[in-house]
Ligand code: 4NP
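In our numbering, the protein residues as written are 3 to 155.
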């Protein structure tokens, strides 16, 4: 069986999914799990860009450095490379499913589906909001990262 390989997907890959990647890397490290972790966006607006400064600051406040991440767009190869593809919201999920190649074995779902009691919930896009919304994003992706660790151990 393929080792777990987790991909976190939002729209721009500068706000939510870099925070999800950072939270997951930190949780995996805390629990001694060696798993592949990455993030991307369904759109190409921010390819090559660092995360939004508000995301970088939110992670830094938790002791996690995501400043070296760079935006990239979801690619066909991702459906082979990753066992799990986690969408931040329903719009992302629809866009991922629209480009999923026939024969893909990747499990595609909402990230919050992993958190008991939060199934079907979206992680709201904080891009047009203030710092408070980034903290809420952080709480959501952290809860999901811990739930994923529990599912894998
Ligand atoms: P993200 O947030 O999908 O969480 O990275 C956004 C980033 C950029 C844009 C929208 C959402 N944008 O329209 O450029």
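Ideal Cβ positions, reconstructed from N, Cα and C, are used throughout, including at glycine.
Please go through the same chain and pick out, in chain order, the residues whose beta-carbon is closer than 6 Å to the beta-carbon of residue i, but skip the five residues on each side of it.
i          : result
residue 78 : 103
residue 88 : 10, 113
residue 72 : 50
Reducing DSSP to helix, strand and coil, say where residue i ends up.
i           : result
residue 69  : coil
residue 43  : strand
residue 121 : coil
residue 141 : helix
residue 38  : strand
residue 89  : strand
residue 63  : coil
residue 58  : helix
residue 49  : coil
residue 135 : helix
Using the C-alpha atoms, what's the distance from residue j back to residue i?
i           : j           : result
residue 121 : residue 53  : 27 Å
residue 18  : residue 12  : 6 Å
residue 149 : residue 59  : 24 Å
residue 56  : residue 127 : 13 Å
residue 124 : residue 28  : 22 Å
residue 138 : residue 82  : 31 Å
residue 142 : residue 101 : 26 Å
Using C-beta distances below 7 Å, list every residue in its chain close to residue i, excluding the 5 sequence neighbours before and after it, in chain order.
i           : result
residue 40  : 9, 23
residue 6   : 37, 85, 86, 154
residue 136 : 56, 57, 60, 128
residue 97  : 44
Comparing alpha-carbon positions, which option in the options lies nearest residue i?
i           : options            : result
residue 153 : 135, 117, 144, 139 : 117
residue 49  : 15, 69, 98         : 15
residue 99  : 34, 68, 44         : 44
Excluding five sequence neighbours on each side, which residues of the same chain lie with their C-beta closer than 8 Å to the C-beta of residue i?
i           : result
residue 140 : 21, 25, 60, 61, 64
residue 95  : 89, 110, 111, 112
residue 75  : 15, 42, 43, 44, 45, 46, 49
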